[in-house]
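As given, the protein sequences belong to chains R and P, one line each in that order.
In case it helps, our numbering puts the first sequence at residues 2 to 112.
In case it helps, our numbering puts the second sequence at residues 1182 to 1295.
For every residue, glycine included, the Cβ atom is placed at its ideal position computed from N, Cα and C.
Bear in mind that the values here come from a model prediction, so they are computed numbers and not experimental data.
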Amino acid sequence: NAGVTQTPKFRVLKTGQSMTLLCAQDMNHEYMYWYRQDPGMGLRLIHYSVGEGTTAKGEVPDGYNVSRLKKQNFLLGLESAAPSQTSVYFCASSDSNQPQHFGDGTRLSIL
Amino acid sequence: AQSVTQLGSHVSVSEGALVLLRCNYSSSVPPYLFWYVQYPNQGLQLLLKYTSAATLVKGINGFEAEFKKSETSFHLTKPSAHMSDAAEYFCAVSDAGSNYKLTFGKGTLLTVNP
Chain R
2 NAGVTQTPKF RVLKTGQSMT LLCAQDMNHE YMYWYRQDPG MGLRLIHYSV
52 GEGTTAKGEV PDGYNVSRLK KQNFLLGLES AAPSQTSVYF CASSDSNQPQ
102 HFGDGTRLSI L
Chain P
1182 AQSVTQLGSH VSVSEGALVL LRCNYSSSVP PYLFWYVQYP NQGLQLLLKY
1232 TSAATLVKGI NGFEAEFKKS ETSFHLTKPS AHMSDAAEYF CAVSDAGSNY
1282 KLTFGKGTLL TVNP
């Protein structure tokens, strides 16, 4: 009963490096989301997807790109990491009118 | 755009005392409302959701929330706090015109004292 799985759980990057965070869900959900969580800021939506092959910008999309080539996977990319992108990243998935299910998060530090 | 206000970034109660976590939303149309809980180093878990079926919603772990349209509020309560309730709690509202995107409040950290 995996639900939403995020890979990796922790990562340290140097400024300017690139990386991809992977989110996989096994619930056949249509919608997937990437959030970042910062102290005192709650969760802020970075990008989301309403179905395979589609993506859309959320509240804080700058510096990130996403892809949804397969329904079960949603990738978040950082092309040139900046210290301001140090955060905890959460992936979630849902169906229409249903609650979102969250992964356990990826803690990303950028030095 | 929707907004969610959680009054009090930190609430401290004694074990056995009433828990009250406040949430107000901005919407002209009754939205879908949710409370999530986050334990340390974990993702968010759904506590309960309001979808217009009933104004008093019961969730897991003894929590409940009451939807009050006139006050645009959806406060979370539990009659008797337990040490295991210590966590961060987030209120969320569905966006107008969207039945899948959520706007989250900034969260309330609940501390339970022995």
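Chain-ordered chain R contacts of residue i [CB-CB under 8 Å]
i	result
SER1190/P	GLY41
LEU1202/P	Simply none; closest approach about 14 Å.
PHE1248/P	Result: empty, since nearest Cβ-Cβ is about 16 Å, beyond 8 Å.
Three-state secondary structure assigned by DSSP to residue i
i	result
SER1251/P	helix
ASN98/R	coil
ASN1205/P	strand
MET1264/P	helix
GLY1/R	This structure gives no information on residue 1/R, because the portion of chain R shown stretches from 2 to 112.
ASN29/R	coil
GLN86/R	helix
ASN1222/P	coil
GLY17/R	coil
GLY1243/P	helix
LYS72/R	coil
GLU1269/P	strand
Within chain R, partners of residue i - CB distance below 7 Å
i	result
GLN1223/P	ASP105
LYS1230/P	PRO100
LEU1227/P	PRO100
Same chain only: Cβ atoms within 6 Å of residue i, ignoring 5 sequence neighbours per side
i	result
VAL1274/P	GLN1183, VAL1185, TYR1206, PRO1212, LEU1214, THR1284
THR1232/P	TYR1213
SER1193/P	THR1292
Cutoff 8 Å; reference residue i; Cβ partners in own chain excluding five residues on either side
i	result
GLU1245/P	LEU1229, LEU1237, VAL1238, LYS1239, LEU1257, THR1258, LYS1259
Proximal chain R residues relative to residue i, where beta-carbon distance stays under 9 Å
i	result
PHE1215/P	PRO100, GLN101
PHE1271/P	GLY43, LEU44
Name, going along the chain, the residues of the segment 1254-1265 of chain P whose beta-carbon falls closer than 7 Å to a beta-carbon of chain R. Hits within the stretch: zero.
Using Cβ-Cβ distances below 9 Å, what residues of the segment 1278-1292 of chain P are close to chain R? Residues ASN1280, TYR1281, LYS1282, LEU1283, THR1284, PHE1285, GLY1286, LYS1287, GLY1288.
With 7 Å as the limit, tell me which residues of the segment 80-111 of chain R have their beta carbon closer than that to any beta carbon of chain P; keep them in chain order. Those residues of the segment 80-111 of chain R that come within reach of chain P (Cβ to Cβ, closer than 7 Å) are PHE91, SER95, SER97, ASN98, PRO100, GLN101, PHE103, GLY104, ASP105, GLY106.
Select from the segment 29-54 of chain R all residues with a C-beta closer than 9 Å to any C-beta belonging to chain P, and list them in chain order. Only GLU31, TYR32, TYR34, TYR36, GLN38, GLY41, MET42, GLY43, LEU44, ARG45, LEU46, TYR49, VAL51 from the segment 29-54 of chain R bring a Cβ to less than 9 Å from some Cβ of chain P.
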